[in-house]
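This report refers to the structure that appears directly beneath it.
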Amino acid sequence: MTVLQKNNQVVTIDNGELIGYRVDSHEFIHQKGSPGWGSSDTEMFPIIGPVDEADFLVKVPKGNAVQDQHGHFRLLPYELVKSSETSALFRKEYQAGTPVKNKKYPEKSPKELLTWPYSFQVEKQFNLLADGLEITFAVTGDHHMPFMLGYHPAFKLHSSNPLIKTADKELTLGEVLAVGSRAYEIPDCQEITLKDKKELTIRTEGFKHFMCWTEVSNMLCIEPITFYPYAVAQRELHQGFQHVTKEEVFQVRLHPKG
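Numbering (my numbering), first residue to last: 22 to 279.
Printed below as a string of structure tokens:
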């Protein structure tokens, strides 16, 4: 367990997973064991979205890659590289073609092993600032490797009528629930405020959109994404790829208020 502290803020990280962000006595992160989802945060990489209708195959320049929903990255272990009182750096590495055991097999997926024909490295860094928490992803890999990236944090809800506010609209929890597993798209957006018992503003760099998902009233996932997967048929998912040409950096900042 890694714990970061600064002023009235405490961050708790379990093997790279953000499991707590408490400001004073207010917990912003969904707690494992509570209804809704068995995790607190994770990543979607190198794809976002389901692929069951595409026979679990994703078209890439090197052929077809065998993947399951949201990619195999979350099945890889994080390594703690370094940490201090206010920061922590974690890393995952993958060698091209290495089979990864699918935790959904056989109950929820017919694919026992997942593979990706490119090598990559992803670093996830937490920095606790005076006014919030900064989470940075740095992606490197084989030149021109296709990828999508989504960050999937879950936030604990404390009130019965929270609102999701952007620059031009307000969204209710009921509207997100109505969409179901598909996730509610908020396109071309880099800042969202969750107005609950206390407010939390989420600002991003590198990500292009958000999508929101929940199936319960006590938590809400607000997910920065590079591509909304339901914009295309599953067999056309490759249309949403961008490519590694250098170190690709993506940032999420959580700013609490009130």
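Quick reminder that beta carbons are idealized off the backbone N, C-alpha and C, glycines included. In this text, all values refer to a predicted model and were calculated from it rather than measured experimentally.
Cross-strand partners of C233 (DSSP beta bridge) = Y205, I243
Grab me the residues of G261's own chain with a C-beta within less than 6 Å of its C-beta, minus the 5 sequence neighbours each way, in chain order.
-> M169, F248
Mapping DSSP to helix, strand and coil, what is F77?
-> coil
Can you give me the start and stop residues for the alpha helix (DSSP H) that L198 sits inside?
-> 194 to 200
Would S202 be called buried (16 or more neighbouring beta carbons within 10 Å of its own) or exposed?
-> exposed
Residue interval of the beta strand (DSSP E) (run including T136) = Here T136 belongs to no beta strand (DSSP E), and DSSP marks it neither H nor E.
Candidates G227, K80, G41, E64, of which the one nearest E257 by Cα = K80
Considering G227, what are the terminal residues of the beta strand (DSSP E) in which it resides?
-> Where G227 is concerned, there is no enclosing beta strand (DSSP E), given that its DSSP letter is neither H nor E.
Taking the alpha carbon of D189 as the point to measure from, which residue in P250, I213, A254, V200 has its own alpha carbon closest?
-> I213
Where the beta strand (DSSP E) containing I185 begins and where it ends = 184 to 186
Expressed to the nearest angstrom, what Euclidean distance is found between the alpha-carbon atoms of L110 and L149?
-> 12 Å
Tell me whether A254 sits in a helix, a strand or coil according to DSSP, three-state version.
-> coil
Is L154 helix, strand or coil by DSSP?
-> strand
Chain-order list of residues whose beta-carbon lies under 6 Å from that of T157 (same chain, five-residue window excluded) | Q146, Q272
Boundaries of the beta strand (DSSP E) in which E64 is found, first to last residue = 62 to 65
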